[in-house]
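Just add 171 to the spot in the sequence shown (first one is 1) and you have our numbering. Positions of the beta carbon are idealized from the N, C-alpha and C atoms, including for glycine.
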Amino acid sequence: MAKLYKQRGFTLVEVILALALTAMLLALLSTGVYIATQDWNRNSAVLDESLDEALVILQIDRALHGAFPHSYTNEETLAREIYFLGEDDYISWVSSVSPQRNPGLTVWEMYSVADEGVYLTLVPAFSDNPTERLSLTEPRLILKNYTLEINYLYEDINESKLWADEWIGEEELSLPLAVYVHFIPVDGLEEDKQELEVVARIKSNQHRSIRPRQAAAGLR
């Protein structure tokens, strides 16, 4: 004869324990998913910022390589001068490179502000001195929490190549042979930032009809 077994269901205690274990597992799983998502978002933000910085450095490098000895007439002396203003933490030059691929030449101005970062201003280059147009244009923060150190390569009268921390185009009547730009992260603000460098050779450093003042460069 077949034996009849009495069917037995779950007790209330067993149901409560099962629900508690399920809730605990879901809580652990959701915590793990949250942590993984936060890490992913954090890493993605760092990657996006690194890509943005790389793109900025690439554009600066291309613009310096495409530096052009743009000339204009000084309204006071009526003399032809070369536009290029370079200091140890400021540089402004005319380049054949435009990030928006606009036709014609573009004036680039780059400088750093303490506790803020590196700013960039772009204006079109006409046949005049672009200093006033630059002052009327809103600059854009391109590298947050960075400072600048800039040097300029030139050749003295003894044909020795030296680096200077200043280059004034209207005085030298030419552009430097190369420009070295050192982007330095501000200490204590963002530890994950790395130092960045640009070394750009300027091929078109001399104007076709304006002779550079080689003697003046040799006295640096």
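Local conformation of residue i per DSSP, three classes
i, result
"Pro-383", "coil"
"His-378", "coil"
"Glu-247", "coil"
"Ile-373", "coil"
"Ile-253", "strand"
"Leu-218", "Unreliable positioning characterises Leu-218 in this predicted model, as indicated by a pLDDT of 42, which lies under 50. A coordinate reading is not provided."
"Thr-182", "coil"
"Glu-258", "coil"
Range of the contiguous alpha helix (DSSP H) that encloses residue i
i, result
"Arg-304", "302-306"
"Glu-343", "340-343"
Top-ranked residue by Cα proximity to residue i, from the options
i, options, result
"Phe-239", "Pro-347, Lys-364 and Tyr-351", "Pro-347"
"Pro-383", "Thr-292, Gln-271 and Asp-327", "Asp-327"
"Leu-333", "Glu-341, Asn-322 and Val-278", "Asn-322"
"Tyr-317", "Ser-306, Ala-189 and Ser-283", "Ser-283"
"Val-357", "Ser-298, Trp-338, Glu-343 and Glu-320", "Glu-320"
Per DSSP, the bridge partner or partners of residue i
i, result
"Lys-364", "Answer by DSSP bridge pairing: none, since Lys-364 is not bridged."
"Asn-322", "Tyr-351"
"Met-195", "Note: Met-195 sits in no beta bridge, so no partner."
"Pro-356", "Tyr-317"
Contact set for residue i: own chain, Cβ-Cβ below 8 Å, skip 5 residues either direction
i, result
"Ile-373", "Leu-235, His-236, Ala-238, Leu-346, Pro-347, Leu-348, Ala-349 and Val-350"
Other residues of its chain near residue i: CB distance less than 6 Å, five sequence neighbours each side excluded
i, result
"Leu-256", "Ser-263"
"Ile-394", "Past the boundaries of the shown model lies residue 394; the chain is included only from 172 to 391, so the question cannot be answered."
For residue i, the first and last residue of its enclosing beta strand (DSSP E)
i, result
"Pro-295", "288-295"
"Ala-238", "First-last for Ala-238: undefined, no H or E at that position."
"Leu-335", "For the record, residue 335 in the displayed sequence is Ala; it is not Leu. Here the beta strand (DSSP E) through Ala-335 covers 332-335."
The ligand GDP heavy atom lying under 7 Å from the CB of residue i
i, result
"Ile-313", "Ligands displayed in this structure: none; no statement on the ligand GDP is therefore possible."
Close beta carbons around residue i, own chain, < 7 Å, minus the five adjacent residues each side
i, result
"Arg-379", "none"
"Asp-398", "This structure leaves residue 398 out entirely; the chain is present only between 172 and 391."
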